[in-house]
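>
Chains as they are written, first to last, in the working numbering: chain G, 311 to 705; chain E, 311 to 705.
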């Protein structure tokens, strides 16, 4: 277990904290680019409350609205242009993962004269690693990606059907202002996809990480158990603020480094899902719900003992011994059944994806990221035909 | 659950990382004050290796050695003076919790013209809260206090028999360089006291925090389980590097905010122990081993359900129902038995403390910290006679 950890984002986690946006922002700038997604924050009044708080603090607001799910590099370019034209010195992301991710890359694009797509890892010989960005404040309205308190962003290129990531320390938001009340209005399907996203962030590190990370294993299991328990409450009653708060907190720790510190693993399920949603307009969490159980069944045959631990500690199953594949597979089945019970798809057909392009999904995934043997990093590393086999098992 | 979290310390956790000290330090300064404790780092060569790495990176080294266990304000004053006289622009703490705590306060004293004791919370009307400090790099040689990655320090005043704390953001080390190999030489008794310190950090937040922190509960339980399991291995074989590494990692997460984020609780066991070790030269972790089980038995009667959860999740006991006091007390007994089994004292008599000064311990603890009703903060808040009762039960 050898690793480095650094996360300087200041977290303010508090119901009703949206009203503090102005007071928090004024420490970092005077002209804010306020980035939003579709119209929901405008319809429910959150946008107006945010603007009011900013203006009360004397901050001028420029706007970049319309960031789409699976945010596009064209949108990043557009936002970066607005920020420059309007002389913004601060970017505020008010929305879900796509809004926060786009805002982060806009912030780095501000100091880069090339095309921001250069920053997104897509198999180019030398990706541009940004080292400077405008300060970003994240105000998440959805519990899912954990982008509010990490240094990652995922961006799509609609022209090339590529969806990939950038990670750089300058992308850490200066502050994450997390107000769980803002997630009260999230509809059931998006709530469920968010739950799947959270759990998948955790399982990626848990199953693909190095051996010998007992603290992280416990943190991972605790995060999954809490997400399942409070996720069900949030789905049963969207106005259950305590449940919303716990799910949102779980989404943050799932990907701010606390759960996966030192695990140093690949994220193969994410990589495969990114290719699917580059070709098809699939919600990330829904795509993960299909890919993750299929990947788990494949990976469990290579390393059953970790999947037995998962079955035991998450679902209370008893493995007869550590390499009891039946117990491992039963745990995966329980997990898949849970995802389906909360309204997530678990087959590609539910996403209206058939086998026509399966070879291409595998090739594209490997084109974006592969190890020196040409395989997708993870445990086990996956060849193109492994990826195809996983996807076929989920048809 | 309403809270703020901020921890900008960069963590490098890696066996053999001591050799990187120079390379890491040179980013922050050119003249380092190297703070150490007793002679162990000199006897085992760690001091020489640290100096060699620093000098190779072109860093001049001034020295402040001899920081005692329960570090004294006189030592802080001495170190701050050396740093000024030698023109140091960086402080490196190479040692255990006392060395790291003293170094942090020296770093803040550098920018404060008054007496550094003003910073230590001891019941004065207006404690001085430092806002600026020299950069500090921590290199822990003991797994215990977690001081390497937090903003706290505990300092004693030998003249007034006071021992208390300061917490300020400027005290976050810029980097914690954690090399578990450095803890291989820690003797069994200190290893055991460190284990008790780690677990007590976790139980304080767990039992005194607000209700409704399910993620933190799981993190706490996972940290305790890991500390017990790997602590036993480290005690059985001090050269077991993996066990040493896991215990050290547990010591860091126990008090860097990851386990206790949002719990917002008091630390009554620490406050009581601080008074004991202000009067008697007791190792902090050994004092905690006596006070914690006694406090637990007192507190369990007020809030058995959390102690039942502890008994169930840590020791696998089954509570008949959530307020089953028998189950709670059995869990506490198991915990006390565990502490004794690894060589910790669990009675005041083992620390050679009798009941002569019990009233004064209670009064002094409350003088340093109390709520508006004059009680020691915690669940439940403790009056002076409560504190006496707890201490008498541990005689």
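Here a beta-carbon is modelled for each residue, glycine too, at the ideal position from N, C-alpha and C. None of the values given here were measured: they were computed from a predicted structure.
For residue 477 of chain G, which beta-bridge partners are listed by DSSP?
G/462, per the DSSP bridge assignment.
> Suppose you measure from the CA of residue 441 of chain G to the CA of residue 333 of chain E; what does that come to, to the nearest Å?
One C-alpha to the other measures close to 20 Å.
> Could you give the distance in angstroms between the alpha-carbon of residue 402 of chain G and the alpha-carbon of residue 703 of chain E?
About 55 Å.
> For residue 661 of chain E and residue 592 of chain E, I'd like the C-alpha separation in whole angstroms.
Spanning the two alpha carbons is a distance of roughly 7 Å.
> Determine, for residue 322 of chain E, whether the minimum Cβ-Cβ distance to residues of chain G falls below 8 Å.
So yes, residue 322 of chain E belongs to the interface.
> Between residue 622 of chain E and the ligand MN, is there a pair consisting of the residue's CB and a ligand heavy atom that are separated by less than 7 Å?
The model depicted lacks the ligand MN and carries no ligand whatsoever.
> Which same chain residues, not among the five before or five after residue 385 of chain G, have their C-beta less than 6 Å away from its C-beta?
Once the five neighbours on either side are set aside, the close Cβ partners of residue 385 of chain G are 377, 412.
> Can you check the region 506-584 of chain G for any alpha helix (DSSP H) of at least 4 residues that lies completely inside it and give the ranges in chain order?
Here the runs fully enclosed are 524-546, 551-563.
> Between residue 563 of chain E and residue 553 of chain E, what straight-line distance do the alpha-carbon atoms span, to the nearest angstrom?
Spanning the two alpha carbons is a distance of roughly 16 Å.
> If you measure from the beta carbon of residue 325 of chain G to each beta carbon in chain E, is any gap under 8 Å?
It does; some Cβ of chain E falls within 8 Å.
> Which whole-angstrom value is the C-beta distance of residue 369 of chain E and residue 340 of chain E, which I expect to be below 8 Å?
With a Cβ gap of about 6 Å, residue 369 of chain E and residue 340 of chain E count as contacting.
> Count the other CB atoms, across all protein chains shown, that sit within 10 Å of the CB of residue 705 of chain G; report buried if there are 16 or more and exposed otherwise.
Its Cβ having fewer than 16 others within 10 Å, residue 705 of chain G is exposed.
> Please report whether the beta-carbon of residue 338 of chain G lies at a distance below 8 Å from any beta-carbon of chain E.
No, its Cβ sits nowhere closer than 8 Å to a Cβ of chain E.
> Which first and last residues belong to the beta strand (DSSP E) in which residue 356 of chain E is found?
Not the beta strand (DSSP E): residue 356 of chain E falls in the alpha helix (DSSP H), residues 356-366.
> For residue 624 of chain G, which of G/605, G/576, G/597, G/509 has the nearest alpha-carbon?
Nearest C-alpha to residue 624 of chain G: G/509.
> When you compare the CB of residue 461 of chain E with every CB in chain G, is at least one pair closer than 8 Å?
By this cut-off, residue 461 of chain E is not an interface position.
> For the region 662-672 of chain E and the region 630-641 of chain E, state whether three or more C-beta atom pairs, one from each stretch, are separated by less than 8 Å.
No: fewer than three Cβ pairs fall under 8 Å.
> Would you report the Cα separation of residue 639 of chain G and residue 595 of chain G, rounded to the nearest angstrom?
If you take the alpha carbons of residue 639 of chain G and residue 595 of chain G, they lie about 22 Å apart.
> Taking Cβ positions, are residue 501 of chain G and residue 545 of chain G nearer each other than 8 Å?
Contact flag set, yes.
> Please report the residue range of the alpha helix (DSSP H) in which residue 447 of chain G lies.
Unbroken run through residue 447 of chain G is the beta strand (DSSP E), 446-450; no alpha helix (DSSP H).
> Going by DSSP, what residue range makes up the beta strand (DSSP E) through residue 373 of chain G?
370-374 is the span of the beta strand (DSSP E), which, as asked, contains residue 373 of chain G.
> Please state whether the Cβ-Cβ distance between residue 585 of chain G and residue 459 of chain G is less than 8 Å.
No, they are not a contact pair.
> Does residue 563 of chain G come within less than 8 Å of chain E when only Cβ atoms are used?
Answer yes: the Cβ-Cβ gap between residue 563 of chain G and chain E drops below 8 Å somewhere.
> Under three-state DSSP, which class holds residue 315 of chain G?
Three-state DSSP puts residue 315 of chain G in a strand.
> Measuring alpha carbon to alpha carbon, tell me which residue in E/577, E/428, E/365, E/556 is nearest residue 679 of chain E.
It is E/577 whose Cα lies nearest to the Cα of residue 679 of chain E.
> So, are the CB atoms of residue 604 of chain E and residue 700 of chain E less than 8 Å apart?
Contact flag set, yes.
> Near residue 698 of chain G, which residues of its chain fall below 7 Å by C-beta distance, leaving aside the five closest residues on each side in sequence?
Excluding sequence neighbours, residue 698 of chain G sits near 668, 669, 672.
> By how many angstroms is the C-alpha of residue 642 of chain G removed from the C-alpha of residue 600 of chain G?
Spanning the two alpha carbons is a distance of roughly 12 Å.
> Mind checking if residue 542 of chain G is an interface residue toward chain E, Cβ cutoff 8 Å exclusive?
For residue 542 of chain G, the answer is no, since every Cβ of chain E falls outside 8 Å of its Cβ.
> Return the CA-CA distance between residue 575 of chain E and residue 514 of chain E, expressed in angstroms with no decimal places.
Between residue 575 of chain E and residue 514 of chain E, the C-alpha separation is close to 8 Å.
> Give a yes or no on whether the minimum CB-CB distance between residue 477 of chain G and chain E is below 8 Å.
Not one chain E Cβ lies under 8 Å of residue 477 of chain G.
> At what residues does the beta strand (DSSP E) containing residue 345 of chain E begin and finish?
Start and end: 341-345.
> Looking at the C-beta of residue 520 of chain E, does it have a partner C-beta in chain G at a distance below 8 Å?
No, no contact with chain G.
> Output yes if chain G places a C-beta closer than 8 Å to the C-beta of residue 525 of chain E; else output no.
So yes, residue 525 of chain E belongs to the interface.
> Roughly how many whole angstroms lie between the Cα atoms of residue 607 of chain E and residue 383 of chain G?
Those two C-alpha atoms are separated by around 60 Å.
> Cβ atoms of residue 347 of chain G and residue 498 of chain G: under 8 Å apart, would you say?
No.
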